[in-house]
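Novice: Residue numbers (the working numbering), protein chains in the order written: chain A, 1 to 332; chain B, 333 to 662.
We put the CB at the ideal spot given by N, CA and C, even for glycine.
A single structure is presented below for examination.
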Amino acid sequence: MTTTNSPLLKVSGLKKYFPVGGGFLRKPHNFIHAVDDLNFEIPSGGSMGLVGESGCGKTTTGKLLVRLYEPTDGHILIQDEQGNLEDIAYRKGASMKAFRRRVQMIFQDPYESLNPRRTIYDTVAEPLAVQGIGNISEREERVATLLERVGLTPATSFMFRFPHELSGGQRQRIAIARALVVNPSFIVADEPTSMLDVSIRTGVMNLMMELAAEMNVSYLYITHDLAVARYMCDTIGVMYLGKIVEQAPTEELLHQPQHPYTRALISAVPIPDPRIKRQVIDIKGGISAPIDPPPHCRFYARCPLADETCRDRPHPPLQDKGNGHLVACYKV
Amino acid sequence: MNNTAHTTSSAPTSLWKMRLRLMRKSLKTGWDIFKENPVGMVGLVIIVFFALLAILHPILMATVWDPGTYDPITGYDFKTLIHPSPPSWLPQPDNPMYKPSFRHILGTDPLGRDVLSQLMYSTRSEFLLGVGAALVTVLIATTVGAVSAYYGGLIDILFMRMADVMMMLPFIAILIVLSSLFQFKMIHLAIVYGILAGFGGTTIVIKSQALTIKVKSYIEAARIAGGGDGHIIFTHLVPNLLPLSFLYMMFTVTGAIFSEAVLSFFGLLDIRMSWGLMIQTAQAAGYLLNSWKYWYLMFPAGLSITLLCAAFYLVGRAMDEVVNPRLRKR
């Protein structure tokens, strides 16, 4: 699943800095480099996973792509209806509303992503209502079809219930229905299964994959669970402190991890067999807040391979090591 | 109904019916929680009692009570004048008022007007004042709180500093000055009190609640759906604030009724009759210092003020439990 000549989504030089310490009439003196110079592409119908530990900028990336945040710098190019790439990074107003039909998001916590005072019908039909698509009976029919499609049957018995009457898995199915109701071409899924019970996770993941194939939707799948990413994604990008440090097709990345951080991540996944002894790669310390990070490699402080080269040179660029395997490290 | 997923022909009507049914259901759930709280029920009974008094007054005036004698403002019992040697229940030469008797259940005031009639007549305007002030307060506080929490920044700073100033102001003193300058009627008092309370403490409480709702991901989902600021504030933020707003409505009623009593006790309101004015009449004629003897001049009005204020407060407390599940015992 390598990049074709016309990707659905192309991100280049994407940056998001959050000011810290500023206030009213006071200039902020520091910036959190939440997302720092991201470049990647997602082909039409493909799916990419973003993995990394908490605070590495995965969710910020997702929210930038759906334009909940305005980027500090960089471009987000996405295919419009005619198949041409257009930059939506700094878009506002009416053309922004049209873009909202093409990109949707599924949130992590199904208990917070549905308004407790609105019925399921209201929630799922909301994108249609604000976009002014169809009349009431058309919307009702569309909502009913989608609810049945995501496995909430019969739809009429769910439409006029409130979120608190449903289980976590059912709620997440409703969130999926809401994201799909406007026929988007791209969905950001922000850890959609991490709050769900293990027993229903696969059901929701399978549903997402089926619907993706059926409706030709691409995903950016944000997760910290490598097993989930492997199940769902064609490509995986590993993020560390706002940077993608390694990106490769899923199996390639899992079997030939090259960046020391990726290796450490993979070595931390437990193998359910007590006899297998595996080399554990130890990294020092914990993740730090990326407030005005020093100019050398972001992983320098924790890297087992780091030496003077890593300290004296800027953060390494992503280099192609063959097979679409991109690594940002001087040492591999 | 259950197995037809695509009943779209009669969709609009069935949608509205569904919504009405849901609303009834949620009201019933709220009532089930409310009625288990004895405090709230006591408050509700008192409020209903006063509401009945207010409704009964025009009926009594039209049927049983002669308007010339029992009118709360212009009435006068002429028996006082024509009786040569009055029996004990009629006013005596040294005491111009009726004591409570069957003819005047709560006696008359120093001007010969029936106290019960005054009490019942005033009830209606007290209700209107309380509810009016509460509506103004809640309208302002909910809008300002939601807008301030949603936009943050300069708007937030402006409204919050304004709320601080409002909270710092001594309400009664301000109202005394304003009403002496502008001759307040009941409606003016309702609006001014509503504004003072609405921009003050209530806004801060509502804003803090709005801040906890603003960060929920359904707000982000609404924005991703393409909803503008107005859509998000009025379909997501405000409906989730309304229970709290309603609760603060109850507390505002208490404050408004109380400040009315104070103002009309000072004779600063341009109104014909109110509970505060009844006490003021007694005080102006010099009877307030002997309240045990002339209890019917002071206690009916005083108790009414206390009871109705307390009743709205109690209902508010009980509703707090309906609105805020953490306070429930179960």
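Spatial neighbours of THR474 of chain B within its chain, please: C-beta separation below 8 Å, excluding the five flanking residues on both sides.
Specialist: ILE538, VAL570, LEU573, LEU574, SER577
Novice: Count the CB pairs spanning the segment 314-324 of chain A and the segment 291-301 of chain A that are closer than 8 Å, and state whether there are at least three.
Specialist: yes
Novice: If contact is defined by three or more beta carbon pairs under 8 Å, each pair taking one atom from either stretch, is the segment 227-235 of chain A in contact with the segment 44-52 of chain A?
Specialist: Yes, the segment 44-52 of chain A is in contact with the segment 227-235 of chain A.
Novice: Taking 8 Å as the cut-off, decide whether the C-beta atoms of THR469 of chain B and MET581 of chain B are in contact.
Specialist: In this structure, THR469 of chain B sits near MET581 of chain B, with a CB-CB distance shorter than 8 Å.
Novice: Short check: CB of VAL124 of chain A to CB of VAL181 of chain A, under 8 Å?
Specialist: yes
Novice: Note down, one range per segment and in chain order, each alpha helix (DSSP H) of at least 4 residues found wholly within the segment 204-286 of chain A.
Specialist: Fully enclosed alpha helix (DSSP H) runs of no fewer than 4 residues occupy 226-232, 250-255, 260-267 of the segment 204-286 of chain A, in order along the chain.
Novice: Could you give the uninterrupted runs of the alpha helix (DSSP H) lying entirely in the segment 440-485 of chain B, keeping only those of 4 residues or more?
Specialist: 447-483
Novice: From the beta carbon of GLU552 of chain B, is the nearest beta carbon of chain A less than 8 Å away?
Specialist: yes
Novice: Shortest alpha-carbon distance to VAL509 of chain B belongs to which of B:LYS548, B:MET393, B:PHE598?
Specialist: B:PHE598
Novice: Can you tell me whether DSSP reads GLU86 of chain A as helix, strand or coil?
Specialist: Per DSSP, reduced to three states, the secondary structure at GLU86 of chain A is strand.
Novice: For GLU41 of chain A, which beta-bridge partners are listed by DSSP?
Specialist: A:LYS10
Novice: Can you list, in chain order, the residues of the segment 383-402 of chain B whose Cβ is nearer than 7 Å to any Cβ on chain A?
Specialist: none
Novice: Just mark TYR90 of chain A as buried or exposed, buried being the case when its beta carbon has 16 or more other beta carbons within 10 Å.
Specialist: exposed
Novice: For the pair the segment 178-193 of chain A and the segment 102-114 of chain A, tell me if three or more CB-CB distances fall below 8 Å.
Specialist: yes
Novice: Could you name the residues of chain B that LYS97 of chain A contacts, counting a contact when the two beta carbons are closer than 8 Å?
Specialist: Under the 8 Å cutoff, chain B gives GLY558.
Novice: Measuring CA to CA, which of B:GLY485, B:SER512, B:ILE536 is closest to ASP496 of chain B?
Specialist: B:ILE536
Novice: Out of A:ASN135, A:VAL143, A:PRO127, A:LEU8, point me to the one whose CA is closest to ASP80 of chain A's CA.
Specialist: A:LEU8
Novice: Could you work out which residues of chain B lie near LEU114 of chain A, taking near to mean beta carbons separated by less than 7 Å?
Specialist: Those are TYR550, listed as they occur along chain B.
Novice: Using a Cβ-Cβ distance under 8 Å, would ARG117 of chain A count as near chain B?
Specialist: yes
Novice: Is the CB of GLU41 of chain A under 8 Å away from at least one CB in chain B?
Specialist: no
Novice: Given this structure, state the Cα-to-Cα distance separating HIS389 of chain B from ILE176 of chain A, to the nearest angstrom.
Specialist: 60 Å
Novice: 8 Å is my cut-off, CB to CB: does ARG493 of chain B come that close to chain A?
Specialist: no
Novice: Unbroken beta strand (DSSP E) runs of length 3 or more, entirely within the segment 123-167 of chain A: which are they?
Specialist: none
Novice: Can you tell me the Cα-Cα spacing of GLY203 of chain A and SER194 of chain A, whole angstroms?
Specialist: 13 Å
Novice: In angstroms with no decimal places, state the Cα-to-Cα distance between LYS92 of chain A and LEU196 of chain A.
Specialist: CA-CA distance, LYS92 of chain A to LEU196 of chain A, rounds to 35 Å.
Novice: Can you tell me where the beta strand (DSSP E) with LEU50 of chain A in it begins and where it stops?
Specialist: 47-51
Novice: Of the residues that make up the segment 557-591 of chain B, which ones have a beta carbon closer than 7 Å to any beta carbon in chain A?
Specialist: ALA557, GLY558, GLY559, HIS563, HIS568, PRO571, ASN572
Novice: Applying a beta-carbon distance threshold of less than 7 Å, which residues of chain B neighbour PRO127 of chain A?
Specialist: ALA557, GLY558
Novice: Does chain A have any CB closer than 8 Å to the CB of MET350 of chain B?
Specialist: yes
Novice: Nearest CA to the CA of ASN39 of chain A: which residue from A:LEU14, A:GLY55, A:LYS27?
Specialist: For ASN39 of chain A, the nearest C-alpha among the options comes from A:LEU14.
Novice: Rounded to whole angstroms, how far is the Cβ of ALA229 of chain A from the Cβ of TYR221 of chain A, which I believe are closer than 8 Å?
Specialist: Yes, they are in contact, since the Cβ atoms of ALA229 of chain A and TYR221 of chain A sit about 7 Å apart, within 8 Å.
Novice: Which one or two residues does DSSP pair with ASN30 of chain A in a beta bridge?
Specialist: A:VAL20
Novice: Where do the N-terminal and C-terminal ends of the alpha helix (DSSP H) with ALA189 of chain A fall, by residue?
Specialist: Careful: ALA189 of chain A lies outside any alpha helix (DSSP H), inside the beta strand (DSSP E) at 186-190.
Novice: Under 8 Å, do ILE244 of chain A and PRO257 of chain A count as touching if we go by C-beta distance?
Specialist: no
Novice: With distances taken Cα to Cα, identify the nearest neighbour of SER457 of chain B among B:VAL654, B:ASP602, B:LEU579, B:ALA394.
Specialist: B:ASP602
Novice: Does DSSP classify GLN612 of chain B as helix, strand or coil?
Specialist: Correct three-state label for GLN612 of chain B: helix.
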